[in-house]
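Colleague: What follows is a structure written as structure tokens; I'll ask about it next.
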Amino acid sequence: MTVFKTAESPFKADNTASNMCGFTLMNNQVGAIVAEVMGTKDNVTITPLPSMIRVDAVGRMDVVYAEVDEAAGEEEGWFNAAEFEESMSTHYGRMIHEDDRTIMFANPEDAAEFLDFDLKPVR
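Everything in the sequence shown is counted per my numbering, starting at 269 for the first residue and increasing by one.
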């Protein structure tokens with residue numbers, strides 16, 4: 269008789285807040301430039317994969333369009349929210365589009381001031 273040991277799964281559910289936000293980009297020319305720019309930021313981790321690039325951050329990250337324009341060698345205004353949305357496939361965290369940047373927040377309450385959301389308790 270053969271006895272099998274049950275291995276503990278490496279996959280676990282964890283419902284605690286991660287304090288992380290992020291997005292995935294297409295692994296193409298634009299995605300590579302955005303990842304290169306975001307990789308210069310202290311709280312951001314870039315994970316290149318065969319068909320996409322993961323960009324994860326602790327707390328908050330700003331995708332500043334002018335920084336991407338400069339890295340791409342393009343005139344200011346080339347990279348914008350529409351171009352970002354086209355290159356991005358998924359995201360997690362609260363996303364806010366501003367005129368000059370897209371901001372990602374791990375904690376939705378941190379985005380409240382950008383959304384005109386009042387955090388005061390209702391009585």
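Beta carbons: idealized from backbone N, C-alpha and C, even for Gly.
If you draw a straight line from the C-alpha of G307 to the C-alpha of T313, how long is it?
Modeller: Their Cα atoms are separated by approximately 6 Å.
Colleague: Using the three-state DSSP reduction, which class does L317 fall into: helix, strand or coil?
Modeller: Correct three-state label for L317: coil.
Colleague: Helix, strand or coil: which one does DSSP assign to G299?
Modeller: Of the three classes helix, strand and coil, the one that applies to G299 here is helix, per DSSP.
Colleague: Assuming R369 contacts V326 under a Cβ cut-off of 8 Å, what Cβ separation, rounded to an integer in Å, is found between them?
Modeller: The Cβ separation is near 18 Å, so there is no contact.
Colleague: Around the C-beta of A374, are 16 or more other C-beta atoms found within 10 angstroms, so that it is buried, or is it exposed?
Modeller: By the 10 Å Cβ count, A374 comes out buried.
Colleague: With a threshold of 6 Å on Cβ separation, who are the neighbours of I321 within its own chain once the five nearest residues in sequence on each side are excluded?
Modeller: Contacts found: L293, N295, G299, A303.
Colleague: Is it right to say S319 is buried, meaning 16 or more other beta carbons lie within 10 angstroms of its own, or is it exposed?
Modeller: It counts as exposed.
Colleague: Name, in chain order, the residues that DSSP records as bridge partners for D330.
Modeller: In DSSP, D330 forms a bridge with I371.
Colleague: By a C-beta neighbour count over all protein chains shown, 10 Å radius and 16 as the cutoff for buried, is A379 buried or exposed?
Modeller: That one is buried.
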